[in-house]
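Enquirer: Chains as they are written, first to last, in the working numbering: chain A, 28 to 233; chain B, 99 to 354; chain C, 10 to 292; chain D, 712 to 909.
Below is one structure. I have some questions about it.
And the structure:
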């Protein structure tokens, strides 16, 4: 009971409180302790990566066991293993490792990112329908800003360029701020519940 | 030299008042104060989404997003607890994808615990709580893969999201999943609004505990949050009136 | 399903194909859609036009991968103008990747008969931000004993001509912000305030507003902001390039999305008119 | 056309085509690229993690910073979850990560988001624009009252607040298109110019 419930709550409370106090007060021992805690947290996070590695290996070996012809899972495990072996034995500046990074990781990542250019259009086509007042507002500000941002838009509808500037610097501000202020109050509430041990479930407590 | 950090004194006072108020109302709620929460459509839709998956015999996908252990992720994990218990009860398969390792470490525990609480610990399949990759775009591509290949009936995304938000939401829409999403990131909410069926806007997502279980303490803290919002409204009105009248006193005080 | 309903539920793949064409066509052959030259860009162009033929320019490639989409086209457009005026170019970079971008952009000068080492040089990356730039301004060879290609700078004819920042008739920074590299403010201090060398800037779109103050104060002779400025500059130097391609693709992509939105709404309203009881398209 | 002879360019171009193929539908090509990408990037994460561990924990520890034994032990305890009778021990490291995370979230929320946004709203109300910013902020915040129901006279406030939020969302959406299209232009240039040499 003690190790299961009480100690984790105490650890969470102390870590949270120390980090907060160190931010607002200039008390050297607390400041040092907070630095330690944050550093410890990043060290523990490295161990968490190991859990992720175990999960990847478990999932994909299971996939292969279930279907020995599942060569996708085999390809994933193979690149996973090669990357780790190359990175650890030859070093992060070696040519094979930089090849993986520069020619597999970076371009594939950029390609995934650029899918957004396509998705943003279909999402707009589907959702920007003036079915009710809210959808109409979304549609109107969205389209004005889209046109106002490109020279040809301003050529077709000259009002869009100044309207875009006005929307971005005036109309847009209130809505953004409301979301941010309310969100921050929620941040404090959820953090407080964790620090006082009310969200034990979140770290697997009962 | 003062023990207070300069420029953060007013922030400290704010924090003390806010947390004090929250503590007080959590206590009041526990000792009998009745607080009711207004309906939040996105949360109500979660039951519907899981019911739909049960009818169709297809899985539910949940992701707490791209974030590490930050406030929005905590809210996502809180919702995951309820989602996992519900799916366990209805015998619906739940696939969870995670990007950051520290978040994964917690997610796995939340899921296991939820199955235990639902009385079905044996139904928990470790390989359905998936660590994809800490890389934002690898995570996005992996989630696209899960949504397509597991043929999910419902896609729930609540937590911290960045630019990948729309990729996940469009992929979910393409496979015809009913989609419920929530994030506090004001720059990503628009993409959920256009691509998902239900959106839990910003702070609403922190009310999950109160919504699903009517947890008294949680309801108390929500009441305190509302009082803080009311105070913020009052301060903004007073501050704007003062500034208009030519006085910067309040602004200066708040920057201490 | 009638036509109006179909127009409300067009297959996503039709849109994807059109979007791919909207981006691919200008990439393969620039169209040069209407781009009006704004006063800020015109001012920059006019300033560079007043430089003496055969003068010298130092260009800082102060940006990282991701921002080359905006800044490489700006660099190339300016280099066309400098090349036509036979102005010698010395490139430096406060980011390692900046030196690589410099190498890509400087290739343009070969079109104008430039010779490496004599008419232009890519000195490569320097660490240390403003402090190093200040030292460079006092004595360039003290910072660079070798150029990016590995030559001894002492052996290069162009480096014999530049003993200090004062030997340049113009400085330019292509900049993506103060984090990590040398920011625009540091260039104002080291080029303009310390050595009185006129400075122009090329920045990413988001940095335009914050750097406008230097133009108003006269410390910056001209500013180019984002891909759009690159497209405008390409029009001025009459060399349609990546900036025009980018703006063409942007214009077409934006128009395509707006057109689809209008189509969806028009179809929805027309079908509602036709059958008042029916509901709209998919959520 | 002058097709590239660089292996790296070919690999990058094939990967990009594989990713784009998912726009048509899920297919073996996309699936393979996705799996290789996920494998490589997760491998990179592990390698980076081990380097971080060496430089931030192991080297300082062997250099005499003994306190670092604490997070290392706690880190090892994360794996207690695989041993049923000791699995509860993994709550110890989790509680430290959660607690510290909560602390960081809390201090950040007050400073930059509440106080900063409040003072930014205290503006001189002498123009229509200023009033729009001011009222927009108040009304959208009023939408977030969760335990008080604004009824009757005040019932329109959260509704108007939602309108302001929708206007902001539309604007943010429209404003983002350019950056996303730029990313696609970058990839297309890579495919057509660097790879195919057109």
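All C-beta atoms in this analysis are idealised placements derived from N, C-alpha and C, irrespective of residue type, glycine included.
These numbers come from a predicted model, not from an experiment.
If the cut-off is 9 Å on Cβ atoms, which residues from the stretch 200–222 of chain B count as contacting chain D, listed in chain order?
Expert: Those residues of the stretch 200–222 of chain B that come within reach of chain D (Cβ to Cβ, closer than 9 Å) are 200, 203, 204, 206, 207, 210.
Enquirer: Report the rounded CA-to-CA distance for residue 787(D) versus residue 220(B), giving the unit in angstroms.
Expert: On the fourth chain, position 76 is the one that residue 787(D) refers to. On the second chain, position 122 is the one that residue 220(B) refers to. If I take the Cα positions, the gap works out to 26 Å.
Enquirer: Does the beta carbon of residue 861(D) sit closer than 8 Å to a beta carbon anywhere in chain C?
Expert: Residue numbering aside, residue 861(D) sits at position 150 when the fourth chain is read from its first letter. Answer no: the Cβ-Cβ gap between residue 861(D) and chain C never drops below 8 Å.
Enquirer: Enumerate, from N- to C-terminal direction, the unbroken beta strand (DSSP E) stretches of 3 or more residues contained entirely within the stretch 28–53 of chain C.
Expert: none
Enquirer: List the endpoints of the continuous alpha helix (DSSP H) containing residue 209(B).
Expert: Numbered from 1 along the second chain, position 111 holds the residue referred to as residue 209(B). Note, residue 209(B): alpha helix (DSSP H), 199–215.
Enquirer: Taking the straight line between their C-alpha atoms, what separation do you get for residue 112(C) and residue 724(D)?
Expert: For the purposes of this step, residue 112(C) is taken as the residue at position 103 of the third chain. For the purposes of this step, residue 724(D) is taken as the residue at position 13 of the fourth chain. The alpha-carbon atoms of residue 112(C) and residue 724(D) are separated by roughly 23 Å.
Enquirer: How far does the beta strand (DSSP E) with residue 296(B) in it reach, from first residue to last?
Expert: Position 198 of the second chain, counted from the start, is the residue given in the question as residue 296(B). Its beta strand (DSSP E) spans residues 296–299.
Enquirer: Using a cut-off of 9 Å between C-beta atoms, extract the partners of residue 152(A) located in chain C.
Expert: Reading the first chain from its first residue, position 125 is the one you call residue 152(A). Neighbours of residue 152(A) on chain C, chain order: 19, 21, 24, 266, 269, 270, 272, 273.
Enquirer: Under 7 Å between beta-carbons, which chain A residues line up against residue 326(B)? List them in chain order, please.
Expert: Taking the second chain and counting its residues from 1, one reaches residue 326(B) at position 228. Residues of chain A whose Cβ lies closer than 7 Å to the Cβ of residue 326(B) are, in chain order, 212.
Enquirer: Against chain A, does residue 263(C) count as a neighbour if the rule is that its beta carbon must be under 8 Å from one of theirs?
Expert: The residue given as residue 263(C) occupies position 254 in the third chain. True, the Cβ-Cβ gap to chain A drops below 8 Å.
Enquirer: Buried or exposed for residue 179(B), going by 16 or more other Cβ atoms inside 10 Å?
Expert: Here residue 179(B) refers to the residue found at position 81 when the second chain is read from its first residue. Residue 179(B) comes out buried.
Enquirer: My output table needs one value for residue 224(A): the three-state DSSP class, helix, strand or coil.
Expert: Taking the first residue of the first chain as 1, we reach residue 224(A) at position 197. Here residue 224(A) sits in coil by DSSP.
Enquirer: Is there a Cβ from chain C that is less than 8 Å from the Cβ of residue 178(A)?
Expert: As a working mapping, residue 178(A) is identified with position 151 in the first chain. Yes, residue 178(A) lies at the interface with chain C (some Cβ there is under 8 Å from its Cβ).
Enquirer: Rounded to whole angstroms, what is the Cα-Cα separation between residue 132(B) and residue 325(B)?
Expert: Within the second chain, the letter at position 34 stands for residue 132(B). Within the second chain, the letter at position 227 stands for residue 325(B). A straight line joining the alpha-carbon of residue 132(B) with that of residue 325(B) spans about 15 Å.
Enquirer: Residues in the stretch 37–51 of chain C with C-beta within 7 Å of chain A's C-beta atoms, listed in sequence order?
Expert: 42, 43, 44, 45
Enquirer: For residue 291(C) and residue 318(B), what's the separation of their Cα atoms in angstroms?
Expert: Counting from 1 along the third chain, the entry for residue 291(C) is found at position 282. Counting from 1 along the second chain, the entry for residue 318(B) is found at position 220. Below a pLDDT of 50, predicted positions are generally treated as unreliable, and residue 291(C), at 40, falls in that range; the measurement from the model is reported next regardless. Each residue's alpha carbon lies about 39 Å from the other.
Enquirer: Determine the direct distance from the alpha carbon of residue 114(C) to that of residue 852(D), and round the result to whole angstroms.
Expert: Looking up residue 852(D) in the fourth chain gives position 141. Looking up residue 114(C) in the third chain gives position 105. Each residue's CA atom was taken as its position, placing residue 852(D) and residue 114(C) some 49 Å apart.
Enquirer: Taking 8 Å as the threshold (C-beta atoms), are residue 183(B) and residue 215(B) in contact?
Expert: Here residue 215(B) corresponds to residue number 117 of the second chain, with the count starting at 1. Here residue 183(B) corresponds to residue number 85 of the second chain, with the count starting at 1. Taking 8 Å as the Cβ cut-off, residue 215(B) and residue 183(B) qualify as a contacting pair.
Enquirer: Whose C-beta lies closer than 6 Å to the C-beta of residue 222(A) among residues of the same chain, with five residues either side of it excluded?
Expert: For the purposes of this step, residue 222(A) is taken as residue 195 along the first chain, with counting starting at 1. Around residue 222(A): 40, 43.
Enquirer: For residue 157(B) and residue 740(D), I'd like the C-alpha separation in whole angstroms.
Expert: Within the second chain, numbered from 1, the residue matching residue 157(B) stands at position 59. Within the fourth chain, numbered from 1, the residue matching residue 740(D) stands at position 29. Going from the Cα of residue 157(B) to the Cα of residue 740(D) covers about 24 Å.
Enquirer: Pick out whichever of 26(C), 37(C), 89(C), 66(C) has its Cα sitting closest to the Cα of residue 899(D).
Expert: As a position in the fourth chain, residue 899(D) is number 188, starting the count at 1. Closest option to residue 899(D), Cα to Cα, is 37(C).
Enquirer: Just tell me which of 72(A), 82(A), 81(A), 85(A) has its CA closest to the CA of residue 762(D).
Expert: Counted from its first residue, the fourth chain places residue 762(D) at position 51. The option with the nearest alpha carbon to residue 762(D) is 72(A).
Enquirer: Tell me where the beta strand (DSSP E) around residue 253(B) begins and ends.
Expert: Against the second chain, residue 253(B) aligns to sequence position 155. Looking at the DSSP string, the run of the beta strand (DSSP E) that includes residue 253(B) is 252–258.
Enquirer: Whose C-beta lies closer than 6 Å to the C-beta of residue 729(D) among residues of the same chain, with five residues either side of it excluded?
Expert: By one-based count along the fourth chain, residue 729(D) stands at place 18. Counting only Cβ-Cβ distances below 6 Å, and skipping sequence neighbours, we find 740, 741, 744.
Enquirer: What runs of the alpha helix (DSSP H), each 4 residues or longer, lie entirely inside the stretch 312–345 of chain B?
Expert: 314–342
Enquirer: Could you give the first and the last residue of the continuous alpha helix (DSSP H) run that contains residue 236(C)?
Expert: In the third chain, counting from the first residue as 1, residue 236(C) sits at position 227. Secondary structure note for residue 236(C): its alpha helix (DSSP H) is the uninterrupted segment 235–246.
Enquirer: The alpha helix (DSSP H) spanning residue 100(C) covers which residue range?
Expert: Residue mapping note: residue 100(C) aligns to position 91 of the third chain, counting from 1. Unbroken run through residue 100(C) is the beta strand (DSSP E), 97–102; no alpha helix (DSSP H).
Enquirer: Alpha carbon to alpha carbon, how far is residue 276(B) from residue 713(D)?
Expert: Counting from one through the second chain, the residue named residue 276(B) turns up at place 178. Counting from one through the fourth chain, the residue named residue 713(D) turns up at place 2. Here the alpha carbon of residue 276(B) sits roughly 47 Å from the alpha carbon of residue 713(D).
Enquirer: Quick check on the DSSP output: what are the complete beta strand (DSSP E) runs of length 3 or more inside the stretch 56–141 of chain A, in order along the chain?
Expert: With a minimum length of 3 residues, no continuous beta strand (DSSP E) run stays inside the stretch 56–141 of chain A.
Enquirer: Applying a beta-carbon distance threshold of less than 8 Å, which residues of chain D neighbour residue 135(B)?
Expert: In the second chain, counting from the first residue as 1, residue 135(B) sits at position 37. Going along chain D in sequence order, the residues near residue 135(B) (Cβ under 8 Å) are 857, 858.
Enquirer: Taking only the alpha-carbon atoms, compute the straight-line gap between residue 94(A) and residue 813(D) and give it to the nearest angstrom.
Expert: Taking the first chain and counting its residues from 1, one reaches residue 94(A) at position 67. Taking the fourth chain and counting its residues from 1, one reaches residue 813(D) at position 102. Those two C-alpha atoms are separated by around 43 Å.
Enquirer: What is the residue span of the alpha helix (DSSP H) that residue 908(D) lies within?
Expert: The sequence position of residue 908(D) within the fourth chain is 197, counting from 1. No alpha helix (DSSP H) holds residue 908(D); DSSP gives it neither H nor E.
Enquirer: I want to see whether chain D comes within less than 8 Å of residue 232(C), judged by CB atoms only; does it?
Expert: Taking the third chain and counting its residues from 1, the one referred to as residue 232(C) is at position 223. It does not: the Cβ of residue 232(C) has no partner Cβ on chain D nearer than 8 Å.
Enquirer: Please report the distance separating the alpha-carbon of residue 66(A) from that of residue 738(D).
Expert: Residue 66(A) sits at position 39 when you count from the first residue of the first chain. Residue 738(D) sits at position 27 when you count from the first residue of the fourth chain. Cα to Cα, the separation comes out at about 43 Å.
Enquirer: To the nearest angstrom, how far is it from the Cα of residue 151(A) to the Cα of residue 266(C)?
Expert: On the first chain, position 124 is the one that residue 151(A) refers to. On the third chain, position 257 is the one that residue 266(C) refers to. A straight-line Cα-Cα distance of about 7 Å links residue 151(A) and residue 266(C).
Enquirer: In the DSSP output, which residue or residues are listed as bridge partners for residue 147(A)?
Expert: Your numbering for residue 147(A) matches position 120 in the first chain. Beta-bridge pairing links residue 147(A) to no other residue.
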